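>
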Amino acid sequence: MNKAELTAALAMRTKMSKADATRTIDALFDDKGIIAGELKKGSKVQITGFGNFEARKRAARMGRNPKTGGVIQIKASIAPAFRAGKQLKMVVNNKK
285 MNKAELTAAL AMRTKMSKAD ATRTIDALFD DKGIIAGELK KGSKVQITGF GNFEARKRAA
345 RMGRNPKTGG VIQIKASIAP AFRAGKQLKM VVNNKK
């Protein structure tokens, strides 16, 4: 499912216009949205039953340049991560 399909499904399920559904999805998920903003501040976003979004620190490490095969230093970084909640896992595994 892509963003357009998600927008259409949200609009149909909630009986809101597609424009309102697009604004809702953008407010949550785009690069200036609520979730990204909270992760940027270092906060965790917990949606009970669905899952948690958090920013995880990745340590610096050695890697290889795939083109040359040479060893390179990969800088430490912060990456967004999602951990599915119990209810979502149950739905995906057909246990609910």
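The numbering of the sequence shown is the working numbering, which starts it at 285 and goes up by one.
Beta carbons are placed, not taken as given, at the ideal position from N, Cα and C, and that holds for glycine.
Because the structure is a prediction, the values reported are computed rather than measured.
Within a Cβ cutoff of 8 Å, which residues of the same chain sit near Gly317, ignoring the five residues on either side of it in sequence?
Excluding sequence neighbours, Gly317 sits near Asp310, Ala311.
> Assign Val329 to buried or exposed, taking buried as 16 or more other Cβ atoms, counted over all protein chains shown, within 10 Å of its Cβ.
Buried.
> Of the choices Glu289, Met296, Asp304, Lys373, whose alpha-carbon is the least far from that of Gly335?
Checking every option, the nearest Cα to that of Gly335 belongs to Lys373.
> Put Met296 into one of helix, strand or coil per three-state DSSP.
Correct three-state label for Met296: helix.
> If we call anything under 7 Å between Cβ atoms a contact, is Ile358 one with Arg345?
Against a cut-off of 7 Å, the Cβ pair of Arg345 and Ile358 comes out as a contact.
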